[in-house]
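What follows is a short report on a single structure.
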Amino acid sequence: MKNDKKLKKMLKLLRIIQKNFQLLLRSKMSALIIFIGPLLLVCLLGLAFSNSSAFLLTASIYSENYTDLAQSTIEKMEGQNFKIIQQDSLDECITSVKMGESQSCIVFPADMTITPGKTNELTFYMDYTQINLVWIILEAMTTKIDEKTEELSTELVTDLLERMIIVEEKITETKSKLKIINEHENKIKELVLEAKEDVSQLDISVDFNAIDFSDANQNADDVLDQAMMMKKKAAGDIKNALNKANSALIKLTALEAAIDDNETQEDIGFAIDKIEDIQLHLNQTEEYMNLKYAEIESELSNVTSVFSTVKTKLDQTKAKIKQVGLKRDEIMPILDNTTAEIDTVIKEVYDADALLTTALEKLQAIEIKEAGQIVSPITSKLEPLTTQKSHFHSLFPTLVVIVVMITGILLSSTIMMVEKKSRSFFRNAISPTNYFTFNLANYVSTIIILIMQLALFLSVAMFYFHVGIIDNIGSVLLIIFLAMTMFITLGILIGFLFKTEETVTLASITIASGMMLFSNAIIPLESMPEAIKQIAMYNPFVIIELALKKAIMFGFNFQQLLPHLKMVGLYTFSTVMILVILHTALKKLALMHFHWFHFGEKKGKVKVTSNTEKPLMIKDEPKKTEEIKTTTETKIVNEKQEQLPSLSGETLHQEVDKALTDDELNDTDVEIMSKF
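Here you go:
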């Protein structure tokens, strides 16, 4: 018996699901949208985002004068996915951004050059209304400018380092030379001190008064006079001797002639020869004496002349010695000053050497002498957590959540509105089938459609775009199931709360848009104020998107995804419990909307409460419903038997059930509804 009841309930659920599909698929266009829409969506998105290249950006540029530096910067940008449009004026450049022809306007300085004390400032005009793209554009463009700036900085730093190396070498050379100079200065100082000592010990005092050349001259004259006297005396003696010799010679000659003795004659002749020899020697002596006297006279004259010259030289020497003494007296202070100045120079050389040593130590203390390290001491290396083949892989979790959210909310709320607008809604409401079964059928109908859509979506994504879902398929399917359940129940709740199709659609779109706006799908949450960001982090869209991203892209296991699954499960449980707890109230609200659709708002409200002084209590509802159900079934059976007398048994009951779910209300139905 219990199994039969369960089977009947299951059959009722299946028939309601079948009825929902019949309502949704009446139009071929609706069926096409339901089944082809996701396939078309994934194909279009996949083709649009199938590349992994960087953004191709367009930049307008303007400058009054394009210098070589500006041209090189522009060439740098053109080679890196930038399309450059050169404008003729600043207004045209800015207008191109306003018109959407370019993403930014870059104004270069008219005199853009690298000169001392000059800053080259580039002005960027950006459209900040493109809030999801402006920072990407700005970062991409400034990155290229920074690269050019880094190149220029590297060149300048390289030149500076080369000069520093030259300075270091020159300082080393100068220190060596200063050392040599210092050694030489010490030697010079020693020599100066020695010279000072020698000069101070120099004795130039000479007693020129002790030298009397007047006596020497007088003595020379006296010698000459005595020599003259001796000459005269000698000459007189020689003359007397010659006279006596001549006299003796005459006498001997006469005697020789007078004597006949040969021996005597020989002796006299020998004597005559001796006397002649004596005469000869006397004459020679006289000549020699005259010659020597002349020589003595000449020598004495020379001596006298030399004495005169010596006296003159001595006088000159005396004058010069006097000048030397004066110069010595002048040199001594100069040598003292020179010694002091040498000491000062030595001290300055020591100071200069100390300064050069300090400078050299500071230069040598610079450990980094490579231009690239100085310009960019910290380099960044981007290592992606996952290797994505295209932008579609990065957007895939967000796209799945968008499809589930929009389809789940809109489709379930639409099914609910179609149900409330249907003329068979009242008969369904008063039928013995529990109203929760209708809601469950709506949920199952929507989730079946979503499963078919996602099956197409995920299949194309996996097999055509190679999205890695299969590696963590269990966690992915669990997250998607919880998301579908939450959004479908939310859509059913929206369908209950609003009475017109327009307001239901608007509410569904508003809620879905709100969830999407307060997520990373449009703008990063980090751009929001901290308080709003913390609230937005509890947005179901954000939680589901983050969970899917971790499961698909990072391969998180169930344990790691548990916090997100708990949050999604809590939201799902909350929406389901709201439907369960407010089941009766939502049913009565749906009946009011039904009356409003078919009889007008005022009449509908009156009909609901016209035959009762107070609203129908929950505990009385099953009994009242069963009475109305019995009356309705009896009336329908009578009508069917009148129309087709041959109907009986099971066939008649099938026709009655079909009539209960028919979309047409007759006058009898309205009458019964008025009694309710």
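Each residue of the sequence shown is one higher than the one before, starting from 44 at the first, in my numbering. C-beta atoms are modelled at their ideal positions from N, C-alpha and C, and glycine is treated no differently. Given the structure is predicted, the values throughout are model-derived calculations rather than measurements.
According to DSSP, is residue i helix, strand or coil?
| i | result |
| --- | --- |
| residue 104 | strand |
| residue 462 | helix |
| residue 601 | helix |
| residue 565 | coil |
| residue 166 | strand |
| residue 161 | coil |
| residue 313 | helix |
| residue 132 | coil |
| residue 126 | strand |
| residue 7 | Residue 7 cannot be examined here, being either before or after the span of the chain that is shown, 44 to 719. |
| residue 149 | strand |
| residue 144 | coil |
| residue 596 | coil |
| residue 138 | helix |
| residue 510 | coil |
| residue 500 | helix |
For residue i, which residues of its own chain have a beta-carbon under 6 Å away from its beta-carbon, when the five flanking residues on both sides are left out?
| i | result |
| --- | --- |
| residue 657 | Low per-residue confidence applies at residue 657: pLDDT is 39, beneath 50, and the placement is therefore not dependable enough to give any value. |
| residue 688 | Reliability of the predicted coordinates at residue 688 is poor, the pLDDT of 48 falling under 50, and the value obtained from them is presented with this limitation in mind. For residue 688, where only same-chain residues beyond five positions count, there are no Cβ hits under 6 Å. |
When the Cα atoms are used, what is the spatial distance from residue i to residue j?
| i | j | result |
| --- | --- | --- |
| residue 452 | residue 588 | 16 Å |
| residue 207 | residue 213 | 10 Å |
| residue 519 | residue 600 | 10 Å |
| residue 594 | residue 150 | 46 Å |
| residue 721 | residue 603 | With the chain covering only 44 through 719, there is no way to say anything about residue 721. |
| residue 322 | residue 328 | 10 Å |
| residue 199 | residue 137 | 33 Å |
| residue 513 | residue 573 | 37 Å |
| residue 505 | residue 516 | 11 Å |
| residue 126 | residue 438 | 26 Å |
| residue 496 | residue 571 | 34 Å |
| residue 402 | residue 240 | 41 Å |
| residue 205 | residue 576 | 52 Å |
| residue 363 | residue 376 | 21 Å |
| residue 353 | residue 342 | 16 Å |
| residue 275 | residue 320 | 23 Å |
| residue 332 | residue 367 | 50 Å |
| residue 230 | residue 386 | 12 Å |
| residue 445 | residue 624 | 28 Å |
| residue 215 | residue 238 | 34 Å |
| residue 50 | residue 60 | 15 Å |
| residue 374 | residue 384 | 15 Å |
| residue 370 | residue 397 | 39 Å |
| residue 296 | residue 315 | 7 Å |
| residue 339 | residue 365 | 37 Å |
| residue 119 | residue 408 | 36 Å |
| residue 284 | residue 334 | 20 Å |
| residue 141 | residue 171 | 11 Å |
Are residue i and residue j close, meaning C-beta to C-beta below 7 Å?
| i | j | result |
| --- | --- | --- |
| residue 218 | residue 399 | yes |
| residue 584 | residue 558 | yes |
| residue 102 | residue 139 | no |
| residue 541 | residue 550 | yes |
| residue 281 | residue 325 | yes |
| residue 456 | residue 537 | yes |
| residue 450 | residue 493 | yes |
| residue 591 | residue 443 | yes |
| residue 210 | residue 381 | no |
| residue 480 | residue 454 | no |
| residue 448 | residue 530 | yes |
| residue 460 | residue 544 | yes |
| residue 349 | residue 224 | no |
| residue 607 | residue 578 | no |
Using a Cβ-Cβ cut-off of 7 Å, state whether residue i counts as contacting chain D.
| i | result |
| --- | --- |
| residue 543 | Among the protein chains of the structure shown there is no chain D, as only one such chain exists. |
Apart from the five residues just before and just after residue i, which ones in its own chain have a Cβ nearer than 7 Å to its Cβ?
| i | result |
| --- | --- |
| residue 619 | 532 |
| residue 395 | 221 |
| residue 756 | The structure shown has nothing for residue 756, since the chain only spans 44 to 719. |
| residue 733 | Outside the shown range of the chain (44 to 719) lies residue 733, about which nothing can therefore be said. |
| residue 355 | none |
Excluding the five sequence neighbours on either side, which residues of its own chain have a C-beta within less than 8 Å of the C-beta of residue i, listed in chain order?
| i | result |
| --- | --- |
| residue 582 | 558, 561 and 562 |
| residue 548 | 453, 456 and 457 |
| residue 673 | The pLDDT assigned to residue 673 is 48, lower than 50, so where the model puts this residue is not dependable; a value taken from the coordinates is nonetheless given after this. Around residue 673: no qualifying Cβ. |
Within 6 Å: the Cβ of residue i and any heavy atom of the ligand PLP?
| i | result |
| --- | --- |
| residue 320 | Looking for the ligand PLP in the displayed structure turns up nothing, as the structure carries no ligands at all. |
Next item on the list: Mind the definition here: the segment 154-164 touches the segment 105-112 only if three or more C-beta pairs lie below 8 Å; say whether that holds.
Entry: Three or more beta-carbon pairs separated by less than 8 Å link the segment 154-164 to the segment 105-112, which places the two stretches in contact.
Margin query: Check whether the segment 509-526 and the segment 600-614 are in contact - that is, three or more C-beta pairs closer than 8 Å.
Written below: Yes: the two stretches touch, three or more of their Cβ pairs being nearer than 8 Å.
Checklist line | Stretch-stretch touch, CB-based, cutoff 8 Å, three pairs: the segment 558-569 with the segment 482-502 | finding: Fewer than three beta-carbon pairs drawn from the segment 558-569 and the segment 482-502 are found closer than 8 Å, and the two stretches are therefore not classed as touching.
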